[in-house]
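Peer 1: Below you'll find the structure I mean.
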Amino acid sequence: MRYKIKNMVKSKFEYQFYYRRNLPHYQPKDGVFFITYRLAFSLPRAILNKLLEKRKQFDKELEQLDNSKKTKQRFICNKILFDVTDNFLGKYKKDPHWLKNNEIAQLVIDSLFFNHKKKYNLLCYVIMSNHVHIIIKPLIEKNDTPYSLSVIMKDHKDYTAHEANIILHRKGQFWLHENYDHYIRNRHELNRIIRYILNNPVKAGLVNDYSEWKYLWLNL
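Number 82 in our numbering belongs to position 68 of the sequence shown; there are no gaps in the numbering.
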């Protein structure tokens with residue numbers, strides 16, 4: 015199945031790489047999004063402080079640029095921060111790694127598929143031990159606007175957090191509240207991100223080939 019992706023919906027529309035709690039209020043109708051979300055407490059304070067310092071350094075560098083160069087450089091800086099964070103997640107061995115639990119991983123998969131073809135088309139996912147990558151294309155509601163990414167992710171995370179805590183016999187925060195999101199601009203970028211997702215379990219040394227990882231799915 016192929017999905018049409020417009021190169022750019024509005025010339026002024028920017029989409030940045032970073033973790034945030036509220037996904038975009040403005041969504042292009044044909045938008046396809048790469049979203050990453052991770053477990054709460056999945057990175058130690060020391061690593062988070064390093065990431066924060068790196069962010070501050072990038073912000074200072076951006077202040078020195080004129081507006082014509084800021085957009086491109088901000089995009090590059092945020093991508094670097096995402097890659098560094100994802101590498102830390104892949105290598106970090108200390109708990110929590112609740113998504114290693116087969117029952118919890120299947121819970122996340124079932125929840126993702128619950129609204130597949132109802133509120134969004136699910137194009138790809140990989141579930142790692144402490145984070146999840148997905149690509150989704152929100153569908154259009156009756157009022158001719160796309161289903162809200164914020165609502166989609168909140169419902170998914172609220173439900174899976176509640177059910178996972180029951181399985182684990184625990185209470186408290188399960189997911190980090192913030193998500194990383196990126197608007198995919200074209201087919202080339204989509205293919206690059208899919209390759210990145212498929213390579214996650216290989217890069218982590220868990221399998222030799224992505225096809226060996228059972229918590230991975232591609233629908234294209």
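Ideal Cβ placement from N, Cα and C applies to all residues, glycine included. These figures come from a predicted structure and were not determined experimentally.
Roughly how many angstroms separate the alpha carbons of L113 and M142, rounded to a whole number?
Peer 2: Straight-line Cα distance between these residues: approximately 7 Å.
Peer 1: Can you look up V221 in the DSSP assignment and give me helix, strand or coil?
Peer 2: The answer is coil: DSSP assigns V221 none of H, G, I, E or B.
Peer 1: Less than 8 Å between the CB atoms is what I'm expecting for K86 and L76, so what's the real figure, rounded?
Peer 2: At roughly 11 Å, the Cβ-Cβ gap does not stay under 8 Å, so K86 and L76 are not in contact.
Peer 1: Quick one: residues in its chain with C-beta nearer than 8 Å to the C-beta of N233, no 5 flanking neighbours on either side, listed in chain order?
Peer 2: Hits under 8 Å: M15, N135, L136, L137, C138.
Peer 1: Can you tell me where the alpha helix (DSSP H) with I239 in it begins and where it stops?
Peer 2: This structure cannot speak to residue 239, because the chain is shown only from 15 to 234.
Peer 1: Using only CA atoms, which one of T99, N213, I166, D124 lies nearest to I61?
Peer 2: The option with the nearest alpha carbon to I61 is T99.
Peer 1: Compare the beta carbon distance of D195 and F48 with 9 Å and say whether it is the shorter of the two.
Peer 2: Against a cut-off of 9 Å, the Cβ pair of F48 and D195 comes out as a contact.
Peer 1: Under DSSP, the beta strand (DSSP E) around D195 begins and ends at which residues?
Peer 2: First-last of the beta strand (DSSP E) with D195: 193-198.
Peer 1: Within 8 Å, do at least three Cβ pairs link the region 172-186 to the region 116-134?
Peer 2: Cβ pair count under 8 Å is three or more, so yes.
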